[in-house]
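Numbering (the working numbering), first residue to last: 80 to 239. All residues carry an ideal CB built from backbone N, CA and C; glycine is no exception. Here is the structure we will look at.
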């Protein structure tokens, strides 16, 4: 079983391995933050950023629907200057949708950082898939459609 702390540790390892030290937030589709990398942002601000990221993505997605495209998996949302900005990627794992937001400033080459984030997003999808697969397997009932007679047989050896 993979718990939330293990999932967070896995994501932190992925970021460290890829040398991403900028502020990063992973939020669910409803804007609730499930992972953050930055100790300087208050908890309230993290949740606000998560909600704004989700809202901005969904607004951009709604606008994009006016101009249909075949492949929406390649969309990304950027709001930046030559060295600072926000970059958001969608993450689809299992049936869940997340948004991975990168907040950077004074970056010498934002293009390299964005490319790293695209690679990291694939690794995070793998980690989330492991988490959801484990959670799905846990939720399966031990017995399905078991009858009273079958329960009697199971416990008959104990003389109950």
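1) Any idea if residue 80 is buried or exposed, counting beta-carbon neighbours within 10 angstroms, 16 or more meaning buried?
2) Which residue or residues does DSSP assign as beta-bridge partners of residue 123?
3) Checking 8 Å against the spacing of the C-beta atoms, do residue 166 and residue 132 come in under that value?
4) How many whole angstroms separate the CB atoms of residue 105 and residue 114, which I take to be in contact at a CB cut-off of 8 Å?
5) Would residue 161 and residue 184 be called neighbours here (beta carbons separated by less than 8 Å)?
6) Mind checking who residue 169 pairs with in its DSSP beta bridge?
7) Who are the Cβ neighbours of residue 94 in its own chain at under 7 Å, not counting the five residues just before and after it?
8) Should residue 210 be labelled buried (16 or more other beta-carbon atoms within 10 Å of its own) or exposed?
9) Quick one, which of 227, 225, 180 has its alpha-carbon nearest residue 130's?
10) Since I believe residue 136 is in contact with residue 169 (beta carbons under 8 Å), could you give me their beta-carbon distance rounded to a whole number of angstroms?
11) Roughly how many whole angstroms lie between the Cα atoms of residue 174 and residue 139?
12) In this structure, what does DSSP give as the bridge partners for residue 104?
13) When DSSP labels each residue in this structure, what does residue 134 get in the three-state scheme?
14) Look at the alpha carbon of residue 121 and the alpha carbon of residue 98, and state the distance between them as a whole number of angstroms.
15) Return the first residue and the last residue of the beta strand (DSSP E) that residue 159 is part of.
Considering the structure as presented:
1) Bear in mind that a pLDDT of 39 at residue 80, under 50, signals an unreliable position, so the model cannot answer this.
2) DSSP output for residue 123 lists no bridge partner at all.
3) no
4) 4 Å
5) no
6) 178
7) 103, 116, 199
8) buried
9) 180
10) 7 Å
11) 21 Å
12) 115, 180
13) helix
14) 23 Å
15) 156-159
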